[in-house]
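For what it's worth, the working numbering labels the leading residue of the sequence shown as 905, then goes sequentially. Think of the CB as a built atom: it goes at the ideal place given N, C-alpha and C, for glycine as much as any other residue. Data first, discussion second: the structure below is written as structure tokens.
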Amino acid sequence: MTAGGLVGTPQNVARARALLTEAGWRDTNGDGIVERNGTPLRLQMIYPNTSGARHSLALQAQAMWRAVGIEVVLDRIERTAFTERMLAGRFDLTIDAANQDVTPSSLTQRWSCAAAREPTSLNTIRWCDPTFDRLLANAETSPDPVASYRAAFARMAIEVPAIILAAPLNQVAVHTRYANVQLWPAKSWLSLWQWRVRPDAALPRDR
């Protein structure tokens, strides 16, 4: 997932159209949307109306799918309704966010078969792949956890349970006078109570 790791799949409109045709989806009426047995390939994408960034991503994704003949209807909904539909699995497509640290326990909460069987888990798409589970479990005991994680993510890249649209990096400035600093990916301040000011670096306001 980093330099020298996994890379994305380049866009190939011609190949996408060919795969749709092979699956029986063709634009027979010239409206730009493919259909099969008279049913157009129309999907609905839900996302919260409080996020401008997700709306921007949704518009871009909609245009990309339209280019291959898939109609995506955008549905910006209130946050509570969004969460309810996500947990119930009542959606075709969604733009969601995942704040995770790279540990087996964190990743299994969203991507494991065990999570897929839990009605209200973070695995809202109910994706289950035993091979991914096994590779992820290996990372916990492997002498080379980096290689184990990459093998697990390579498997995920093949199965494509989700499309990674963006991976923003959190930047946190911490004064050098603090010791015992630990920053968590999801919420940087979770261990704030454990931070300490080094006596030899204390400022007047710290005393």
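The distance from the Cβ of valine 976 to that of leucine 997 is about 7 Å, consistent with a contact at the 8 Å cut-off.
Shown here, aspartate 935 sits in coil according to DSSP, grouped into three states, outside any helix or strand.
For glycine 973, the number of other beta carbons within 10 angstroms of its own is at least 16, and it is reported as buried. Judged by DSSP secondary structure, proline 952 falls within the beta strand (DSSP E) whose first and last residues are 946-952. In its chain, beyond the 5 residues on either side, Arg983 have a beta carbon closer than 7 Å to the beta carbon of threonine 954. Residue burial annotation: tryptophan 1088 is exposed, with fewer than 16 other C-beta atoms found within 10 angstroms of its C-beta. Here DSSP, grouped into helix, strand and coil, assigns valine 1101 to strand. The secondary-structure analysis by DSSP pairs valine 976 across a beta bridge with Leu947. For arginine 994, the secondary structure class from DSSP, reduced to helix, strand or coil, is coil.
Look at the beta carbons and you see the stretch 1041-1053 not touching the stretch 1022-1030: under three pairs across the two are nearer than 8 Å.
One Cα belongs to methionine 968, the other to alanine 1058, and the distance between them is close to 24 Å. Taken in chain order, no unbroken stretch of beta strand (DSSP E) lies wholly in the stretch 1005-1051 with a span of 3 residues or more. For alanine 1083, the secondary structure class from DSSP, reduced to helix, strand or coil, is strand. Phenylalanine 986 places its beta carbon 8 Å or farther from that of glutamine 948. Counting only residues of its own chain and dropping the five nearest sequence neighbours on each side, aspartate 979 has a CB closer than 8 Å to the CB of Gln948, Met949, Ile950, Tyr951. Residue nearest to tryptophan 929 within the set Arg940, Leu1094, Ala922, Arg919 is Arg940 (criterion: CA-CA distance). For glutamine 1075, there is no enclosing alpha helix (DSSP H), since its DSSP letter is neither H nor E. Counting only residues of its own chain and dropping the five nearest sequence neighbours on each side, valine 1101 has a CB closer than 7 Å to the CB of Arg1081, Tyr1082, Asp1110.
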